[in-house]
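The sequence shown begins at 30 in the working numbering and counts up by one. By construction, the Cβ of each residue, glycine as well, lies at the ideal position given by its N, Cα and C atoms. Structure first, then comments.
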Amino acid sequence: MPDSADKMRIKELESQIEILAQENMQLMERSEDTMLLGIVSEQVNTAHTMGQVLEYALERISILKDIPFCAFGVRQDNNLIVKEYYFYPSDKPIQKKKISLPCELQDNIKLLCCPDKQWSEVELPIYFGSYDFSPTSLLLIGSKSELTPGCFVFASSDDDAKIYLGNMAALLERLCEMITARMDNLILLDGLRNLNFELDQKVIDRTRKLTAVNKKLSLEIDNRMLAEQELLEERERLAVTLRSIGDGVITTDIHGNIVLLNEVAEKLTSITQAEARGKPLRDVFNIINE
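Pasting the structure below:
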């Protein structure tokens, strides 16, 4: 028969075993939480749309944490307009995506609640086809982002759901922040793509306009060069004509400055065309009326 000392020793060992079992349970829970964070992070970071982000994340949270109803919605007064959800007890679509919430929830970002008879404003149960879901506890976690304002909802119908959801509030809040951050990134990336597209369109339009202007300018330059060439040829023909005339001929511009002298005029004025060009007529050929 064990004596009192042995009994005391046995109780101490049992107590230590119980402590170790609790520590192992906590380690397992932490390991599960870490795994869930890793899985959700991997899934949301490979998603390319906000719908995919919510679909992947809500499904993993619901299955791995045994939360029947996980959803994300936009709050309008005391209503929650469900945008995306996962409900593992039934694959039927939700019949009504607007869920009325108690007035007490209107201004709170996060609240753990247990709907009961005094909260008649809550429209429960939530119907999925012929399946009615009447949660005993709701955990609401509001998005802190201005880009994706909304509210995450986690609901369970278990008797100890309030304690269970309350213990997971910190983990779920961290997961919601992860999901929201990814959705914000997708919105920013989409905005950046739109800006790049608009910039590319502006560059294309600007290039098209510049090309049209350059083409028009090139055409004007060609026409100008052609006109100058024609004018030069006309002057050459005129010069040949003037040189062939037997009389002295002096041509001036509208200001009376000499433009051209033929050979006879050069002999009469004793000055060459090169020397006379640009000079006033009176300095080269002065007519005296006697």
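So what does DSSP say about L260, is it helix, strand or coil?
Residue mapping note: residue 260 aligns to position 231 of the sequence shown, counting from 1. Helix.
With DSSP as the reference, please indicate the residues paired to S166 in a beta bridge.
Within the sequence shown, residue 166 is the residue found at index 137, counting from 1. Answer is S185.
With a threshold of 16 other CB atoms inside 10 Å of the CB of S273, please say whether the residue is buried or exposed.
Here the question's residue 273 lines up with position 244 in the sequence shown. Answer is exposed; the Cβ neighbour count stays below 16.
What runs of the alpha helix (DSSP H), each 4 residues or longer, lie entirely inside the stretch 170 to 258?
190 to 196
R104 bridges to which residues according to DSSP?
Taking the sequence shown and counting its residues from 1, the one referred to as residue 104 is at position 75. Note: R104 sits in a beta bridge opposite L109.
With a cut-off of 8 Å on the beta carbons, I'd call P118 and P97 a contact; round off their distance for me.
Along the sequence shown, one-based indexing puts residue 118 at 89. Along the sequence shown, one-based indexing puts residue 97 at 68. About 6 Å separates the two Cβ atoms, so the contact holds.
Coarse secondary structure for S129, derived from DSSP in three states:
Counted from its first residue, the sequence shown places residue 129 at position 100. Three-state DSSP puts S129 in a strand.
Less than 8 Å between the C-beta atoms of A100 and V111, yes or no?
The residue labelled residue 100 in the question sits at position 71 within the sequence shown. The residue labelled residue 111 in the question sits at position 82 within the sequence shown. For A100 and V111, yes; Cβs fall inside 8 Å.
Residues near L289 by beta carbon distance below 7 Å, same chain, minus five either side
Counted from its first residue, the sequence shown places residue 289 at position 260. Excluding positions up to five away in sequence, the list reads A268, L271, T280, Q302.
Measure the C-alpha to C-alpha separation of R203 and R211 and round it to an integer number of angstroms.
Translated into the one-based positions of the sequence shown, residue 203 becomes position 174. Translated into the one-based positions of the sequence shown, residue 211 becomes position 182. Those two C-alpha atoms are separated by around 13 Å.
Quick check: what's the CA-CA separation for N341 versus I68?
No answer is possible for residue 341: it lies beyond the span of the chain, which begins at 30 and ends at 319.
8 Å Cβ cutoff met for Q72 and R89:
Position 43 of the sequence shown, counting from 1, holds the residue named residue 72. Position 60 of the sequence shown, counting from 1, holds the residue named residue 89. In contact: Q72 and R89 (Cβ atoms closer than 8 Å).
Leaving out five residues before and five after G277 in sequence, what residues of the same chain have Cβ atoms less than 6 Å from its Cβ?
Translated into positions along the sequence shown, residue 277 becomes position 248. The residues are V293, A294, L297.
Quick check on DSSP: helix, strand or coil for V278?
In the sequence shown, the residue the question calls residue 278 occupies position 249. Three-state DSSP puts V278 in coil, outside helix and strand.
Spatial distance of D120 from T63 (CA atoms):
Working through the sequence shown from its first residue, we reach residue 120 at position 91. Working through the sequence shown from its first residue, we reach residue 63 at position 34. Spanning the two alpha carbons is a distance of roughly 28 Å.
Do you know offhand how far V313's Cα is from R264's?
Your numbering for residue 313 matches position 284 in the sequence shown. Your numbering for residue 264 matches position 235 in the sequence shown. About 22 Å.
Spatially closest choice to S299 from N315, E175, T209, by CA coordinates
The residue given as residue 299 occupies position 270 in the sequence shown. That would be N315, whose Cα lies nearest to the Cα of S299.
Continuous alpha helix (DSSP H) stretch holding I90: start and end:
As a working mapping, residue 90 is identified with position 61 in the sequence shown. Looking at the DSSP string, the run of the alpha helix (DSSP H) that includes I90 is 79 to 93.
DSSP beta-bridge partners for L65?
Taking the first residue of the sequence shown as position 1, residue 65 is located at position 36. The partner list for L65 (beta bridge, DSSP) is empty, contrary to what the question assumes.
Taking DSSP as the reference, what is the three-state secondary structure of D312?
Here residue 312 is taken as the residue at index 283 of the sequence shown, counted from 1. Three-state result, D312: helix.
For N291, three-class secondary structure by DSSP:
The sequence position of residue 291 within the sequence shown is 262, counting from 1. N291 falls in the coil class under three-state DSSP.
Would you check if the distance between the CB atom of S70 and the CB atom of M197 is smaller than 8 Å?
Your numbering for residue 70 matches position 41 in the sequence shown. Your numbering for residue 197 matches position 168 in the sequence shown. It is not a contact, given that the beta carbons lie outside the stated cut-off.
Taking buried to mean at least 16 other C-beta atoms within 10 Å of its own C-beta, is S91 buried or exposed?
Here residue 91 refers to the residue found at position 62 when the sequence shown is read from its first residue. The residue is buried, with at least 16 neighbouring Cβ atoms inside 10 Å.
Between the alpha carbons of A199 and R222, how many angstroms are there, rounded?
Here residue 199 refers to the residue found at position 170 of the sequence shown. Here residue 222 refers to the residue found at position 193 of the sequence shown. When rounded, the distance between both Cα atoms is 35 Å.
Same chain, Cβ closer than 7 Å to G307, neighbours up to 5 away in sequence not counted:
Residue numbering aside, residue 307 sits at position 278 when the sequence shown is read from its first letter. Answer for G307: N286, I287, listed in chain order.
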